[in-house]
Every structure is written in structure tokens, then in C-alpha cells.
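Under the numbering used here, the residues of the sequence shown are numbered 367 to 1105, in order.
Idealized CB from N, CA, C, for every residue including glycine.
Here the structure is a predicted model, which is why all the values come from computation and not from measurement.
Reading through the C-alpha cells given below for one structure.
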Amino acid sequence: GKWGSLELVSAPQVEAGELASIHLRFVAGGAGLFPGGTVSIDTNSDSDWAPPQLGDASADGYLKVTPPAGRAVSVHTPDHKSIVITLQSGELKSGESIDIVLGDRSGGGGGLRAQTFYEPRRNFLCEVDPTGDGTHGSAEMAVLRIAGGNAESLSAIAPSDIEVGSSFALLLKAEDRWGNPAERYRGTVEVSAPGLILPDGNSLAFDEDDAGVRRIDGAVFTEAGATRIDLEDAQNGLSASSNQVRITQELPALKLFWGDPHSGQIADASKIGDYFTYAKEVSGLDFAGYQRNDSAHSTDDYDVQQVQEKAFHEPGRFVPLPGFEWSGNLAAGGHHNVYFSRFDLPMKRWNGADRLGRPDETDLPHVRDLYNYYRGTDTVITPHVGGQHADLQFHDPTLEPAVEVTSTHGSFEWILRESIERGYEMGFVGGNDCHTGRPGDDRPGHQERRYSKGGLTGVYADELTLKGILSAIKAKRVYATTGARIRAAVTVDGHFIGEKFSCSNSTCEIRVSVEGTAPLERIEVYRGLELVHTEHLAGPPTGSRIRVLWDGASRMSSYSGISWDGYIDVGDGEIGDVSPVRFDSPRSRYERAGVSRIDVAGWACGYPSGVVVDLTDKSGSKIKPDIEITVVLDSQLIIGETFGLHGEVGPRRMALAPGDSVRVSATLEQLADRAARVELGHLNRSVTLELAPEPATDRADFTVIDDGVLPGVNPYWVKVVQQDMEMAWISPVFADYMP
């Protein structure tokens, strides 16, 4: 063709997160390439590939560009996903080529670290400007497949509510270290639970066709009583348990469904089908929304989205939520998700109709315009913290039943609290907001702009239909989790999550029921912003294990993570086993620095993260209570993004500023009396050194009597914290007290 082609010379597949050498070849087309002409290679969506480097051929990540003999080129990497090659001397005629090796190994380097997420098609786009005068066209692109790695864990997903004798689907997944399907897994898994019968027996051998994921239709429980389904692959040393299940003789009127209402930042619309396939077949979701930023979403691509939404719509099995992300900047009101109660409704952008739309399309330039346009319809809108955070000074209670409080951007309890402080009556939802095509189960990988695992939304609905899910969201029968399928229910004077009721006395009875995916640590009950009760559920510490946690966020905005760096020293003691706590990002890590010290690094946003350390005595005798533990941590706060490209467009890269420096020391004896906690002020930033609590129970059922009900509307909401620091925020029950 006129513009040439970009060919993949090396293997068509690489493994997620591993070092790879990717050999691309640009072959000039009929237009050729002349001095000053450019070849721009770009990947069309965010990724966490290691950035290529140009300075050291003996190091990992080296980018080698080789033109034909007698020709000279320059190479520029302007951002995290682009390479620009400029021909400086000579001419490239049709059929002549330039070789580009990402992760060249010829000089001794190990390769370039691949992205950590599975992707059937990673596109390398190629734009050619033959003379550098701005006249350009697209060469044929190269396509690479990113495969999952070796199995490091198993997982199982079952419906939260199961009827005795009725068939259901059980999803089994072998995962690599990044949460991808471990496609090469060939283990045999024993599946067990009292009364569980699988159609082909309870011993399942994975094969090539499974690609790491096995869906079992026709599973049946013949009796009630089981609360989980257990998996074991004894040969490979892998085991797991499913989410909590509730097995009854008859399904309840309101059943608990799980979904990711907010993901889908995928630049290539041809991948939208892959997105919904992952949601349905790999993440085991009941519902999912494809929420592309409107100012980057063409009407043609939106048409593709709508076709795929209808193709995957299978009431009772899987429900796509039609809609888009209205992506106004902060001055216009910030980012809001828009959901429709039917298919084939048009997108109304914040801006971009002139660039991305059709002649009859117009924009809604402010969130007030968004409200005015959809008011009186059955549309649902949810504000969130994404590329821009939603400005909650703007709110329409007829359209906005809930606010998103957790995603791969982090956890944002501050926006939940702001909604309450402003007197809004909103529920809480969670999503992934991911760019990786893994709705319902995304991980941050090495991305600089992602800090945590994706969130989920639990929905109590009467049926798994589009109407059923959106009606439940409107009724606020929803809650947010950090990704764990924690089962929770709350009533206030018999009224369920999301309900508003009138009461005539100053006392309320709050009933809380929680079934966790891991041992529970505590459950907090709030009336508005006031903590009225904490149910402590962890077991007493043994005295020989310590826990260090760092927590908080940098600011009440987007991209508000914190980078931590420091060490833990146990003096005359010796460090045994070390267990990470919520190391969601590989940037969070620890390293042994002798028998008594570990160096630690953290990368998190809005949730506690840290380590549990087992202590032994160097002499082999019993741990002495006077062993002194010292924790030193320095933080850097993510304060925003700096320039984009060369400053001529908006900000693109992250900026860090020095934060807090903390040193805390205590003996085991002192920690037995009280945890050493250093409050760092804003947004729950803190460092805690304490004796590690022991696991006790993953279930809780308790009642709180609150005699402090205030005149007016009292929102009662609940926060669940597990010992693995997975969390849930249960939407309020609104008690309207009229004395």
C-alpha cells in the first residue's frame, strides 16, 4: 500500500509481565520515506509495559532501531505508549525497511517487561508522514497477543443465592500472579461442599480448551448447609474457597447479584466484544457497564458498543448496562456515569460532537445541562472519582441515586462522606474503571495511574434483568466492595438497605449481617458522619506477630495515591515469615535486609496496606517482651500530573512531592497495652505498628441500639473491614425522625 506496513517479526505471543523481545519491522510503501519524514508507532490504549530506554544496550528495556545501510534515523519516546522515528539522512524506497526491537537482547539486556494484563490483541499502530510536512496516513498495523502466565492461585465464583435442587453455574479459574487466566494450567481440581453434585463429577481436569477457566453449568446442591465451595489441586499445591453462598429451599424475593458498572476505557471498539466476554466468562459477573469517556468515543464506536450490548444481553445470565461516561472537566462538574434503562439511546457528550459525532449531534457542556437533559427520564447517573473527580456541589437526587467510592484509582471514602455532609441521600457503588479489558477483576499492575484492585457492586434485585438491576440501583439497594464478594445486609427498625422511613422516637435498632471472604477484623456502624458502634471481630494476638499498616490518600481528587518507602527493624529479634497485606500493586514490595530488618515500599490510595511479620528470637528461646521494633517510613504524595507531550496539550505524567517522615518504636510489651499509631492528618493518612490480630470468624450477626437519633434524616451506613483489608461500604438506611 501507499503508506507501507508494520510487521511482527518475532513470536506472535508473549507472556504477561515477563521480559520479552519484540521485533517489529516497518516496510515502506509507495509513498516512501524522505529526510524529515516520520514513522510513529503507537499502542492505542493505556498499558503498563515498561518504558523503553535508549541509553544502555546491556540493560533491560533497550530499544534498538536499525535503518538500512547508509541511512540515519533519530528515535524519540514522547510518552508511555509512543515511538517516533525520524529519517535524518537518505531515503527509504518502497519495500525497504527499518527494524525496531523493543527489549533488544543483542547487547546483553534481558528484554522489555511486557504489560501485566492478558489481552487477545495488543495493537501496534503505525502512522507515516513521508516528508514531515504533516501529510500522513496509516500503515498496516502489527498485532501481538498477551497470554496469561503460570498458575499461582485458584478461585471459584458461585451465585450468592442458590436454591436447593435447582441448577446453577460454578466458575473455576486458575490465575497467574497478575490475576489473568493461567492458560497453560493443566491441573486436576477437586471440588467439594456438602450436598454439591457436579454433572461430570467433582474431580475436574483442566485442558487446553479451558485456557485456565472452566464454567460448570448444571451444578446442584441437594441440601442446605454449605456456605462455601472448596477447591484443591493437591499435586500443584493450590487451594481456594468460593465466595460465601446461601443455600435455601426457596430463593428470596431479593437476590444478591454482582457486577462492575464502570469499566471499558478501550480505544479500539473491535475489542468491546472481548470486554463483555471477559466480564461474563472470566470474571463471572452478573452485569457490567461499558463506560467509555465520551470525549474519546466516536458515534461509530458507540454504535459498535450498542451492537455488542444487545448481543451479550441474556436476562437471567448476564446483563450489559447500556450507557457512557460523561467526562466533563472539574469546572464542568467532573466525571459521571450515565446508564440507560433500554438499548439504542444516543450518547450526549460533554464535548466532542463536532469531532466524534454526526452533523445533528450536540454537546452537554456542563453537568447542569446533563441533569436538565435527562431529568424526568428513567436514566441513572452516578458521580465518581476518575480522570477528574465529580464536583458534588452539583447533584440531582432524581437522577443520582448513588456515588462510586472505590475503583482501580483507589478507595475514596471522602466522597462518600462529602455526600453525607451535604445532606444527599445516596447509595454506594464500586467499579473497576479500567483500561485493560478485564471488567470485574482488574489489577493495577505497574501502571502509575492505578493503585488498587477494581471494585464491585453488590445489588439486591428481584431479577437479573436490565430493569431489575437499574431499579435496584435507583432504590439504593446496593453496596460497594474493593473487589471481594463480601455478603452484607443491614436493616434499621426492619427497613432494608436504601429505604427511607419515618420514625417517631429517638432510638433505632440497627441489625447487621456480614459473611466475609476472609476473617473479619471489624465492622463500623455510622449515623451520618458519627461512628456509633464498632464490632471488633479479630482474635486476640499471640504476641509473636506484628503488623505494620500505612493508610490514606494525598488529596480529595483524582490520582491521589501515596508512595511509601522505609524499613522495619526488630532489634534483637529475628524476622520469620512475612505476609503482605493488600499489596495490590507490584510497586508494593518488601525485601529482607538481614535477619532483623526488612525494607518496605508501598503504593496505595485510600486503603490500608502493609505487612504482618512473624518474630523469633535469635537464640531460639521464647520471644522476649522487651524486643524493640522500629518502623521508619517516608512518603511521597501524588499531587497531580505534569506536562503532556511537550507542554502543548494537557497534563499526562504523574508528579510526586515529599510527604511525611515517620519513625515509631515500641516493645512487644508496650504493644500489648496499646497499638502505636501515628496520625498524619488529612484523609486518614497514618502509620500503625501493632500486634497482629489472629483470625477468628468470617461471619458476624449483631444488633446495635442507637439512642442518639437526631431530628431530620439520619443515614445509617456500615463499613466492613476484613483482616486482608478488603472492605465494603453498605449503602444507608435513612431514618427520618420527626419528634
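Of the other Cβ atoms in all chains shown, 16 or more fall within 10 Å of the Cβ of Pro1098; this residue is therefore buried. In terms of Cβ geometry, Arg741 and Leu765 form a close pair [threshold 8 Å]. DSSP places Leu1034 within a helical segment (H, G or I) once states are collapsed to three. For Ile781, the closest C-alpha among the options Gln672, His701, Ser411 is that of His701. Glu680 has its alpha-carbon roughly 14 Å from the corresponding atom of Arg708. Restricting attention to beta strand (DSSP E) runs no shorter than 3 residues, the stretch 801-837 encloses them at 822-827, ordered along the chain.
Counting C-beta atoms within 10 angstroms of its own C-beta, Val375 has fewer than 16 neighbours from the protein chains shown and is therefore classed as exposed.
With contacts defined by Cβ atoms closer than 8 Å, Ser951 and Val1075 do not form a contacting pair.
The continuous stretches of beta strand (DSSP E) do not include Val375, and DSSP gives it neither H nor E. When the alpha-carbon of Asn717 is set against those of Asp710, Arg724, Thr728, Leu711, the nearest one is in Thr728. Contact between Val746 and Gly793 is absent: CB atoms are separated by about 11 Å, not below the 8 Å threshold. Leu570 and Ile995 have their C-alpha atoms roughly 47 Å apart. When Pro417, Gln419, Gly461 are compared, the shortest CA-CA separation from Gly367 is found for Gly461. Nearest to Ser924 by C-alpha distance, out of Gly625, Ile388, Ser777, is Ser777. Around Tyr790, the same chain offers His761 as residues with beta carbons nearer than 6 Å, after the five sequence neighbours per side are excluded. Annotation for Asn1080: no alpha helix (DSSP H) segment contains it, though the beta strand (DSSP E) segment containing it runs 1078-1088.
Ranking Phe587, Arg552, Asn602, Val530 by CA distance to the CA of Glu616 puts Val530 first. The beta-carbon distance between Ile388 and Val431, rounded to whole angstroms, is 13 Å. This is too long to meet the 8 Å contact definition. According to the DSSP secondary-structure assignment, Lys539 is paired through a beta bridge with Ser521, Val579. For Gly398, the closest C-alpha among the options Asp799, Glu493, Gly553, Val648 is that of Glu493. One thing to note: Thr831 has its Cβ within 8 Å of the Cβ of Val685. Annotated three-state conformation of Thr643 is helix, per DSSP.
8 Å or more divides the Cβ of Ala633 from the Cβ of Ser818. Note on the stretch 875-956: there is no whole alpha helix (DSSP H) run with a minimum of 4 residues. Closest in C-alpha terms to Gly694, from the list Asn738, Ser1001, Gln754, comes Gln754. Classified as exposed, Leu895 has fewer than 16 neighbouring CB atoms from the shown chains inside 10 Å of its CB. For the 8 Å CB-CB criterion, Pro805 and Ala654 form a contact.
The criterion of a C-beta distance shorter than 8 Å is satisfied by Ala606 and Ser519. Per DSSP, the continuous beta strand (DSSP E) segment holding Glu529 begins and ends at 527-529. Within a 10 Å sphere around the beta-carbon of Glu574 sit fewer than 16 other beta-carbons, which makes this residue exposed. The way I'd put it, the stretch 1048-1065 does touch the stretch 904-919; three or more beta-carbon pairs between them come closer than 8 Å. Counting only runs of at least 4 residues, the stretch 456-525 fully encloses no alpha helix (DSSP H) element at all. Cα atoms of Met507 and Val936: separation of roughly 55 Å, rounded to the nearest angstrom.
Distance from the CA of Leu687 to the CA of Asp828, rounded to the nearest whole angstrom, comes to 17 Å. Between Gln610 and Ala850, the C-beta spacing is not below 8 Å. Collapsing the DSSP output to three states places Tyr656 in a strand.
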